[in-house]
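All residue numbers for the sequence shown refer to UniProt numbering, where the first residue is 1 and numbers rise by one.
Here is the structure we will look at.
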Amino acid sequence: MTVVSFIYQEFKQMQEIQTKKIVSIQLADELRQSSDDLTRLARLFSVTGDSKYEKMYGDVIKIRNGEIARPEDYHRIYWDLVLEYGQKPKPDGKKVVLLEALKEAGITQKELALLDEASKNSDKLVGIETTAMNAAKGLFADSNGKYTIKREPDLDYAAKLMHSQEYMNEKAKIVKPIDDFLATLDIRTSNEVKKTVEKLEFFILLMAICLVAVSVIFTLLFILNKDKIPNLYKFSDGLDGFFKYINNEASYSGLIDIDTKDEIGNMSKVVNENISRTKNLMEQDRVLIDDVKRVVNEVKEGHLDRRIEKSTVNPSLEELKNSFNYMIEITKQNVCKDINRLLLLLEDFEKLDFRGRISGDDGKIVVGINKLADIINQILSENKSNGLTLEESSKILLSNVNTLNQSSNAAAE
């Protein structure tokens, strides 16, 4: 992966070198093209005196100096398509100073110096063009170099200036540094590309060697371990089956059937030990859970004297078991052992039969109900005794009344 990363980085670097080279050539050509455009427009103005060429001339300089917006794709044909001032064959882009754009393209100081020289020489050429264009307007330089002297426009003089040997010499001074720049740029970028290609060749060779080495190693490993491959599949299938068993996706599929003395056999032995241990733990948990279900159903039937008897080494389930048993025990102590006996007794009480008792149960509610039944029976017994006494007294009173009546009747006779 590291070698591949290096190769990618080198390819990317080579692409960046080529991109910067193209941009630099385009910008350098733009400098040359702007000089040619200025020459063409100045000559047209000098011959025709048409102000539109003077305005176009001014815009070329302003675009190059970043004073007004630079049209998009300005390195392509532009001013040859402008026939009337104000036409825009391409939309405006951002303001860009040409020399600053060249710096951003990553050119060296030596290359920048050549373009700077061409730019300065272009400014000298602009001076000749300015003189010619002013002559076409009838303006001539005074002793201070100011165009204050007015005469008749001299188009012939202007045309001669624009085609003079001096003008051509100054023009060559612009093109020569640009040509030197292109040559220097080509040498530098070619060297950079060459170095990058050499690095790429090295890394590609290194990667090829690594691939061959890896292929040889894997081939040897395959030859040396071809007998182990079936056991690897067995090992994988055994693990997969056990994991499905753990996740309740399949029934228990047994241990991994590998009994060799190599690394796979040793791993299988360790894994089988863990499979057996895990299976036993799962079986313990399952038995405990089944016992919990049994006790829950019996408690639902009212039997509060039942307990979860199975155990497991799973601490969480063991804690749950103890908590559940404790809850049932507390409920039994507070209520009774068998709620069904309590309900039957309460049904007898509802029928006003308070003779029944729950024996052999020390639940607090059972003890209380037994005591309540004793109290009720005692009250009923006392009420019965009082009733019998009252009945005997009534009989004596009635006998006395009869005797009194008989005595009263005898006296009346």
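All C-beta atoms in this analysis are idealised placements derived from N, C-alpha and C, irrespective of residue type, glycine included.
With a threshold of 8 Å between beta-carbons, can Asp29 be considered close to chain C, or not?
Protein chain content of the structure displayed is limited to a single chain, and chain C is not contained in it.
Across which residues does DSSP place Asp92 in a beta bridge pair?
The residue given as residue 92 occupies position 92 in the sequence shown. When DSSP reads this structure, Asp92 sits in a beta bridge with Pro71.
Nearest neighbour of Arg70, chosen from Leu41, Ile369, Ala101 and Arg40 [CA to CA]:
Sequence index remark: in the sequence shown, residue 70 carries index 70 (1-based). For Arg70, the nearest C-alpha among the options comes from Ala101.
Alpha-carbon to alpha-carbon, Leu38 and Met162:
As a first step, residue 162 must be located in the sequence shown, where it is residue number 162. As a first step, residue 38 must be located in the sequence shown, where it is residue number 38. For Met162 and Leu38, the distance between alpha carbons rounds to 11 Å.
Bounding residues of the alpha helix (DSSP H) (the contiguous stretch that carries Leu161)
What you label residue 161 is simply residue 161 of the sequence shown in a count that begins at 1. That run of the alpha helix (DSSP H) goes Leu155 to Met162.
Do you know whose CA, among Thr219, Thr196 and Val47, lies nearest Asn134's CA?
Numbered from its first residue, the sequence shown carries residue 134 at position 134. Comparing Cα-Cα distances from Asn134 to each of Thr219, Thr196 and Val47, the minimum goes to Val47.
Does DSSP classify Lys261 as helix, strand or coil?
On the sequence shown, position 261 is the one that residue 261 refers to. If DSSP states are grouped into helix, strand and coil, Lys261 belongs with coil.
Leu344 to Glu350 span [Cα, whole Å]
Here residue 344 refers to the residue found at position 344 of the sequence shown. Here residue 350 refers to the residue found at position 350 of the sequence shown. Spanning the two alpha carbons is a distance of roughly 10 Å.
Rounded straight-line distance, which links the Cα of Lys337 to that of Glu283:
Walking along the sequence shown from the start, residue 283 turns up at place 283. Walking along the sequence shown from the start, residue 337 turns up at place 337. In a straight line, the C-alpha of Glu283 is about 31 Å away from that of Lys337.
Is Leu304 helix, strand or coil by DSSP?
Looking up residue 304 in the sequence shown gives position 304. In the structure shown, Leu304 sits in coil (DSSP, three-state: anything other than H, G, I, E or B).
Just to confirm the assignment: which complete beta strand (DSSP E) runs, minimum length 3, are found wholly within the segment 116 to 150?
Secondary structure in the segment 116 to 150: the beta strand (DSSP E) runs of 3 residues or longer, each lying completely within the stretch, are 139 to 141 and 147 to 150 in chain order.
Hey, how far is the Cα of Ser407 from the Cα of Glu392?
Here the question's residue 407 lines up with position 407 in the sequence shown. Here the question's residue 392 lines up with position 392 in the sequence shown. Taking the straight line joining both Cα atoms gives about 23 Å.
Using 8 Å for Cβ pairs, my map puts Leu304 next to Val335. What's the rounded Cβ distance?
Residue mapping note: residue 304 aligns to position 304 of the sequence shown, counting from 1. Residue mapping note: residue 335 aligns to position 335 of the sequence shown, counting from 1. So it is a contact: roughly 7 Å between Cβ atoms.
From Ser122 to Glu104, what distance separates their C-alpha atoms?
Working through the sequence shown from its first residue, we reach residue 122 at position 122. Working through the sequence shown from its first residue, we reach residue 104 at position 104. Rounded to the nearest whole angstrom, the C-alpha separation of Ser122 and Glu104 is 21 Å.
Continuous alpha helix (DSSP H) stretch holding Asn340: start and end
By 1-based counting over the sequence shown, the position of residue 340 is 340. Annotation: the continuous alpha helix (DSSP H) that includes Asn340 extends over Ile339 to Glu350.
Note down, in chain order, each residue of its chain lying with its Cβ closer than 6 Å to the Cβ of Lys364, except the 5 sequence neighbours on either side.
Counting from one through the sequence shown, the residue named residue 364 turns up at place 364. Within the same chain, Lys364 has close Cβ partners Asn334.
Proximity winner among Ala373, Thr331 and Gly238, relative to Asn272 (alpha-carbon distances)
In the sequence shown, counting from the first residue as 1, residue 272 sits at position 272. That would be Gly238, whose Cα lies nearest to the Cα of Asn272.
Buried or exposed by the 16-neighbour rule on C-beta atoms within 10 Å, applied to Ser35
Locating residue 35 in the sequence shown gives position 35, counting from the first residue. With 16 or more other Cβ atoms within 10 Å, it is buried.
Buried or exposed for Ala208, please, with buried defined as at least 16 other CB atoms from any protein chain shown within 10 angstroms of its CB.
On the sequence shown, residue 208 is found 208 positions in, with the first residue counted as 1. Its Cβ having fewer than 16 others within 10 Å, Ala208 is exposed.
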